[in-house]
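Peer 1: Okay, handing you the structure first.
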Amino acid sequence: MADKKIENFVTRSGITVQEKYGPESPGEYPFTRGVQKTMYRGRLWTMRQYAGFASAEESNKRYHYLLSQGTTGLSVAFDLPTQLGYDPDHPRSMGEVGKVGVSISTLDEMRTLFQGIKLSDVSTSMTINATASTLLGFYVAIAKEQGCATQDLRGTVQNDILKEYIARGNYIYPPRGALRLTTDMFAWCAKNTPKWNPISISGYHIREAGSNAVQELAFTFADGIAYVESALKAGLAVDDFAGQLSFFFNVHSDFFEEIAKFRAARRIWAKLMKERFHAKDPRSMMVRFHSQTAGSTLTAQQPDNNVVRVAIQALSSVLGGTQSLHTNGLDEALSLPTERAARIALRTQQVIAYETNVTQTVDPLAGSYFVEALTDEIEKQVWSYLEEIEKRGGTVASIESGYIQNEILNSAYQDQVALDHGTLKVVGVNCFQEKDSQKVEHFGVSEAVGQAACERIRAFRARRNQTESAAALLRLTDCAKGGGNLMDAVVHAVSSECTLGEIADAMRSVFGEYQEYSGF
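According to the working numbering, the residues represented by the sequence shown are 614 to 1133, in order.
Have a look at this one:
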């Protein structure tokens, strides 16, 4: 079938805008100009707003609100106990339930989280890593209850455990056991949920930890190489899973560098997949990425300035060719975003999409001497880092030795020195300061949320079939010790009403727990 013809846009002054300018074609290897031929002329990026707090019921209300305001995809934030594989009544969960995301430990809570939302109609991103398999298991079970075919589910679980060791710290198992769980998910999703991305290889948290733009790309792609190698060793064919890999990048305020970073990212990954891993399917070579404006650039001082920062960062992400975007709330340096802040953040994306007309031609900054030179230089420096990591024995070895972490720490230190000396200027922080602080509405989570969650999970355990859940946990433990696909065993445990903490503990008993690199 022939491609649908898209009419050329005409500016308000009557000037016709072409689909693209310059000789290099978007949608073709090495995808510098974009992964789709028509980019936003054919379809806008998915507008997500990252949300989740307190209970499943409270978060469900926020999702319905965001959908009513024009959000085109859901993005779920989970609390720390959920991310670390602890049920709400575990001693380590005390004081953290529902604080930085929603608490989800049972199939019942997942039902409540998506109540009234047809999963066949939305794309859902879940920021979850060490326990990604369990949350995906919950999600698939709910979809089946709704009558949605798993083959039609669209979305992503972050599931990038390597960056947790590098930058974020929310890991459970040591790298080699965690990699097995990740690659088993690749195989399971290729068979059962072909439209679902089983991983979002994440540079976002690497950047938040203090890396620069080059390091963000280099260490993200080093992680990506490790995942591909692990999958190949497990017997998967590259073109059977690589098309489902996705990425997650940060967007800072160095406007042109960020645009060039995204253009370089597409080129580097395409070359890696084609030349190193011999992928044949063009989809296997594409960097499809979600982006989020930089939380670390938000300031508690003069928080209204954050609206401007987010708008600039979001525009650079769009000009860089993102497939999905979250814009931060102006109050997130102080608290969880209020409904008002989330609405302003979403409207920022909508203004860019519908008022600026930057979407009317593909890669509008292509051919800029500055942007092209930046793109080339970023690519060159990323390759240098990747070569160094290879010399050091690869990604896992470079994590275990602390090389990658130390590079990030040094970058963060240099930024702090520049901020302290005033050579790096942040409006409202070290220049153009004000005596009186702006008043911002704070949004918090009550301690009663944790108490209610403990009561719910105890009642859940009491009414289930204990024999079935115990047998499912034993099966999962045996699978972790021997062969078999771990995701299959996790899905069975979910259907047998095992809790998230129980599933994590079953694998802890086999893989153990990772001890953080200390620098000594």
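Yeah, the Cβ is synthetic: ideal placement off N, Cα and C, and Gly gets one too.
(1) Determine contact between the stretch 802-821 and the stretch 898-908, defined as no fewer than three beta-carbon pairs at a distance below 8 Å.
(2) What do you get for residue 980, buried or exposed, if any count of 16 or more other CB atoms within 10 angstroms of its CB means buried?
(3) Which whole-angstrom value describes the C-beta separation of residue 995 and residue 830, a residue pair presumed to lie in contact below a C-beta threshold of 8 Å?
(4) Between residue 1133 and residue 688, what straight-line distance do the alpha-carbon atoms span, to the nearest angstrom?
(5) Measure the Cβ-Cβ separation of residue 911 and residue 1056 and say whether it is below 7 Å.
(6) Where in the stretch 863-936 do unbroken runs of the alpha helix (DSSP H), each at least 4 residues long, occur, reported from the N-terminal end onward?
(7) Quick check on residue 968: buried or exposed, where buried means 16 or more other Cβ atoms within 10 Å of its Cβ?
(8) Would you kindly report the start and end of the unbroken beta strand (DSSP E) that includes residue 664?
(9) How many whole angstroms separate the CB atoms of residue 715 and residue 691, which I take to be in contact at a CB cut-off of 8 Å?
(10) Alpha carbon to alpha carbon, what distance is there between residue 840 and residue 806?
(11) Can you give me the Cβ contacts of residue 1058 inside the same chain, cut-off strictly under 8 Å, excluding the 5 residues immediately before and after it?
(12) Spatial neighbours of residue 743 within its chain, please: C-beta separation below 8 Å, excluding the five flanking residues on both sides.
(13) Can you tell me the Cβ-Cβ gap for residue 864 and residue 926, rounded? I've got them flagged as a contact below 8 Å.
(14) With distances taken Cα to Cα, identify the nearest neighbour of residue 766 among 844, 731, 683 and 899.
(15) Our contact map puts residue 992 next to residue 881 with C-beta atoms below 8 Å; I'd like the distance itself, whole angstroms only.
(16) Could you check how far apart the C-beta atoms of residue 1100 and residue 797 are, in whole angstroms? I think they sit under 8 Å.
(17) Looking at the secondary structure, which residues open and close the alpha helix (DSSP H) in which residue 1009 lies?
(18) What residues match up with residue 810 in a beta bridge as DSSP calls it?
(19) With H, G and I counted as helix, E and B as strand and the rest as coil, what does DSSP make of residue 1086?
(20) Between the Cα of residue 1121 and those of 1104, 1109, 1091 and 1108, spot the shortest distance and give me the residue it belongs to.
(21) When the distance is taken between beta carbons, is residue 856 closer than 7 Å to residue 592?
(22) Assuming residue 686 is part of the alpha helix (DSSP H), what are its boundary residues?
(23) Under the DSSP definition of a beta bridge, which residues are partnered with residue 740?
(24) For residue 695, which of helix, strand or coil comes out of DSSP?
(25) Please work out which residues of its chain come closer than 7 Å, Cβ to Cβ, to residue 1106, disregarding the five sequence neighbours upstream and downstream, and give them in chain order.
(26) Roughly how many whole angstroms lie between the Cα atoms of residue 902 and residue 1080?
(27) Nearest to residue 758 by CA position, among 739, 693 and 725, is which residue?
(28) Are residue 886 and residue 892 closer than 7 Å when you measure CB to CB?
(29) Does the beta-carbon distance from residue 812 to residue 772 come in below 7 Å?
(30) DSSP three-state label for residue 735, please.
(31) Using C-beta distances below 6 Å, list every residue in its chain close to residue 654, excluding the 5 sequence neighbours before and after it, in chain order.
(32) Taking DSSP as the reference, what is the three-state secondary structure of residue 939?
(33) According to DSSP, is residue 948 helix, strand or coil?
(34) With 16 other CB atoms within 10 Å as the buried threshold, where does residue 941 fall?
(35) Since residue 833 is in the alpha helix (DSSP H), which residue starts that stretch and which ends it?
(36) Does residue 861 come out as helix, strand or coil in the three-state DSSP assignment?
Peer 2: According to the structure data:
(1) At 8 Å Cβ cutoff, the stretches touch.
(2) exposed
(3) 5 Å
(4) Low local confidence applies: a pLDDT of 47 at residue 1133 is under 50, so the model's placement there is unreliable, with the coordinate-based value given in what follows. When rounded, the distance between both Cα atoms is 38 Å.
(5) Their beta carbons are not under 7 Å apart, which means residue 911 does not touch residue 1056 by this criterion.
(6) Every alpha helix (DSSP H) of 4 residues or more that sits fully in the stretch 863-936 is shown, in chain order, as 868-884 and 918-933.
(7) The residue in question, residue 968, is exposed, as its Cβ has fewer than 16 Cβ neighbours within 10 Å.
(8) 659-664
(9) 6 Å between Cβ atoms; contact.
(10) 19 Å
(11) 666, 667, 711, 712 and 949
(12) Result list for residue 743: 696, 697, 698, 774, 777, 783, 784, 785, 786, 791 and 1117, in chain order.
(13) 4 Å
(14) 731
(15) 6 Å
(16) 5 Å
(17) 1008-1013
(18) 769
(19) helix
(20) 1091
(21) Shown here, the chain extends from 614 to 1133; a query on residue 592 therefore has no answer.
(22) Per DSSP, residue 686 is not a residue of any alpha helix (DSSP H); the beta strand (DSSP E) it occupies stretches across 686-690.
(23) 690
(24) Under the three-state reduction of DSSP, residue 695 is assigned to helix.
(25) 1085, 1086, 1089 and 1116
(26) 43 Å
(27) 725
(28) yes
(29) yes
(30) Looking at residue 735 - three-state DSSP - the assignment turns out to be coil, as it is neither helix nor strand.
(31) 619
(32) strand
(33) Reduced to three states, the DSSP call for residue 948 is coil.
(34) The residue is buried, with at least 16 neighbouring Cβ atoms inside 10 Å.
(35) If you look at residue 833, you'll find it in the alpha helix (DSSP H) that goes 826-846.
(36) strand
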